[in-house]
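Numbering (our numbering), first residue to last: 541 to 1058. Built from N, CA and C at the ideal position, the CB exists for glycine as well. Everything numeric in this text was worked out from a predicted model, so none of it was measured. Written out below as structure tokens is the structure these notes cover.
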Amino acid sequence: MRALALASFLSIGSLSCAPTQIGSWWLARQLDTRPPEFAVQVERGATMMTSDGIALVSDIYHPKKEGPTPIILVRIPYSDTFLNKLYATVVGRFWAERGYRVIIQGTRGRYQSGGNYYPLRHERQDGIETLQWIAKQPWFDGRLGMWGGSYFGYTQWVVADQVNPGPSALMIQLSSVSFYEMLYPGGAFSLESALIWAIQSYGDLDEWPSDEVLRPGYNGFPLLEADDRAFRDIPAFNDWVIHSERDDYWREIDGDDRAKRLVAPVLLMAGWYDPFLPSQLDDFVRIRREARPEIAAASRLVIGPWTHARTVTFPDGTTPGNYRLASLAPSVPWFDRHLQSSGMALNSPVQIYVMGENLWRDEQEWPLARTRYIPYYLRGNGKANGLAGDGALMPAPPTSEEPSDSYIYDPRNPVPTTGGAMIGLRAGIALQNDIEKRQDVLIYSTPSLKEDIEVTGPVRLILFVSTTAPNTDFTGKLVDVHPDGSVYNISEGILRRRYGQSDRPTEIRIDFWPTSML
541 MRALALASFL SIGSLSCAPT QIGSWWLARQ LDTRPPEFAV QVERGATMMT
591 SDGIALVSDI YHPKKEGPTP IILVRIPYSD TFLNKLYATV VGRFWAERGY
641 RVIIQGTRGR YQSGGNYYPL RHERQDGIET LQWIAKQPWF DGRLGMWGGS
691 YFGYTQWVVA DQVNPGPSAL MIQLSSVSFY EMLYPGGAFS LESALIWAIQ
741 SYGDLDEWPS DEVLRPGYNG FPLLEADDRA FRDIPAFNDW VIHSERDDYW
791 REIDGDDRAK RLVAPVLLMA GWYDPFLPSQ LDDFVRIRRE ARPEIAAASR
841 LVIGPWTHAR TVTFPDGTTP GNYRLASLAP SVPWFDRHLQ SSGMALNSPV
891 QIYVMGENLW RDEQEWPLAR TRYIPYYLRG NGKANGLAGD GALMPAPPTS
941 EEPSDSYIYD PRNPVPTTGG AMIGLRAGIA LQNDIEKRQD VLIYSTPSLK
991 EDIEVTGPVR LILFVSTTAP NTDFTGKLVD VHPDGSVYNI SEGILRRRYG
1041 QSDRPTEIRI DFWPTSML
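So, in structure tokens, the structure goes:
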């Protein structure tokens, strides 16, 4: 029996011989897509000039066929390394062999493009000018799709309101209209995600930093100098820390009503352990509610067992497929449907992966209309600290005689992040047993479950709190207790508030990451 508890792409190495040709054929077999039809001619170093004199450089994959074609545009913020070039070539050929002209363009200061790279700053204007450049090409038939996740997804959102020229179909993975919400979930700065992204995107290596590099950044004060302790001073990281509120800095990046102003159908692919998940699901809800009816009806949502660009590893060591392949699998039928009016692409509006049951399920909406919201209450005798505590999670509310629980928070010894929704190799499902040994963690557990329970949808923790600190963070975590006593995280949330050293209890609501777990 298990119990619930609440506590405060492809392997490039396989492509060693004639890599791009072998890779393209291997990819087609893995994705079970329609066979290639055309030979491909690759044009390297195609250059356009922006209005402020910056050269944006593209590799263009031309299918050898007569006449103009639809285009798939991918704007990438990575360096021109061997592996990045190899991956781009495999993907570019894959689509071009099926009749699409593919443009893989480096964003400003990245790949082969000129200028200085500053994350997110120039993408809207550069993207608009790229669309205008494409519109002038004799081989463009007027239909354009865009593809990519994370920063690639952002390069799509910033031009999603453009017409004549503008996109005809978008395919956005693990990204949303709000980078602020990704970096400040619940108002608290996501240090690990921010530090990894800042270091990984600085320079030419495009490698996630190791734990040894990151650890000095996590351990120490002030927060503004975390990048200096771990690596070096990074201006973008400094700006993210300084702009802790949703101010003009973030409004310029995140835009205004982008989901509402969407001009083309979008396929959103989200991950249960991805830091963009809550805001990406908000994007879908807003599209269905506010976008033009024909765009809302044609847009789709897929939520899979993914962290940020990786697949979750389950407690038994298994991994449900490969995220990189999954991110490409729907691309040909999706673009066939919306750029060529052929093919079938995700007839169901929503598709979710139910973890635990480990299967894909078609749904009609998100959140699911048939969801039953069942309250569970925190119970105990005032000593819920750690595994030996008396906290219970029960369907019946507490009596008026039950005391509150308390703990001492030491900012010099914070509860460490262990798994969860963030950028980096430590994201996903992880053992929580060591966390539960701490006295500054309150634990509330159900009795052993007599039957399986599916938890699918939003999860919210409502607390009445007081603190002696002028401001602090409250966090919560929903975990799965296995029969052998091992404990794994399902979902979590955080809320940063200013309390002003008040002894008077205040109600707070912590929204967890939505989930689907049996």
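Each residue's CA atom was taken as its position, placing Pro860 and Gly968 some 13 Å apart.
With contacts defined by Cβ atoms closer than 8 Å, Phe777 and Ala738 form a contacting pair. For Tyr691, the enclosing alpha helix (DSSP H) has its first and last residue at Tyr691 to Trp697. Gly844 counts as buried, since at least 16 other C-beta atoms from the protein chains shown sit within 10 angstroms of its C-beta. Distance from the Cα of Thr1007 is smallest, within the candidate group Ile1048, Lys605 and Trp697, for Ile1048.
Within 10 angstroms of the beta-carbon of Met589 lie fewer than 16 other beta-carbons, which makes it exposed. Here Thr851 carries a strand assignment [DSSP, helix/strand/coil]. Short of 7 Å from the beta carbon of Ser1031, and not among the five residues preceding or following it, lie these beta carbons of its own chain, in chain order: Val999, Leu1018, Phe1052, Trp1053 and Thr1055. Comparing C-alpha distances from Trp748 to each of Met962, Ile983 and Glu577 shows the shortest one belongs to Met962.
In this chain, the beta strand (DSSP E) harbouring Thr1012 covers Asn1011 to Val1021.
For Leu714 against Met895, the beta-carbon gap comes to about 17 Å, at or over 8 Å, which does not count as contact.
Secondary structure note for His602: its beta strand (DSSP E) is the uninterrupted segment Ala595 to Pro603. Residue range Ser871 to Leu879 is occupied by the alpha helix (DSSP H) that includes Leu879.
Three or more beta-carbon pairs separated by less than 8 Å are not found between the region 779-793 and the region 816-831, which leaves the two stretches without contact.
Taking each of Gln645, Pro608, Ala579 and Asn624 in turn and checking the Cα distance to Asp599, the smallest one comes out for Gln645. It is roughly 8 Å from the alpha-carbon of Ser690 to the alpha-carbon of Ile712. The three-state reading of DSSP puts Pro610 in strand, counting E and B together. Here Met934 carries a strand assignment [DSSP, helix/strand/coil].
Of the candidates Pro935, Thr957, Thr958 and Ile975, the residue whose Cα lies closest to the Cα of Ala928 is Ile975. A straight-line Cα-Cα distance of about 47 Å links Asp767 and Ala579. Cα atoms of Leu965 and Ala924: separation of roughly 31 Å, rounded to the nearest angstrom. Taking the Cα positions, Asn953 is about 27 Å away from Phe816. For a cut-off of 8 Å, the C-beta gap from Gly693 to Ile612 is around 14 Å, too long to register as a contact.
Uninterrupted beta strand (DSSP E) stretches at least 3 residues long and entirely within the region 922-1005 occur at 932-934, 995-997 and 1000-1005, given in chain order. With respect to the 8 Å criterion, Arg650 and Val699 are not classified as neighbours on the basis of their beta carbons. For Phe680, the three-state secondary structure derived from DSSP is strand. Residue pairing from DSSP places Thr1046 in a beta bridge opposite Val1005. Cβ contact annotation for Gln696 (same chain, cutoff 6 Å, sequence separation greater than five): Met686, Leu710 and Ile712, in chain order. Pro833 counts as exposed, since fewer than 16 other beta carbons sit within 10 angstroms of its beta carbon.
Apart from sequence neighbours up to five positions away, the residues of its chain that approach Ile835 with a beta-carbon distance below 6 Å are Leu802 and Pro805, ordered along the chain.
With respect to the 8 Å criterion, Asp746 and Ser619 are classified as neighbours on the basis of their beta carbons. Its chain contains Ser716, Ser730, Ser733, Pro815, Phe816 and Ser819 as the residues whose beta carbon lies nearer than 8 Å to that of Met722, once the 5 sequence neighbours on both sides are disregarded; these appear in chain order. Under DSSP, Ala810 shares a beta bridge with Ile843. CA-CA distance, Ile1050 to Gln652, rounds to 44 Å. Your pair Met934 and Tyr917 checks out as a contact, with CB atoms roughly 6 Å apart and the cut at 8 Å. Looking from the CA of Gly654, the closest CA among Arg828, Pro608, Asp592 and Leu1003 belongs to Asp592.
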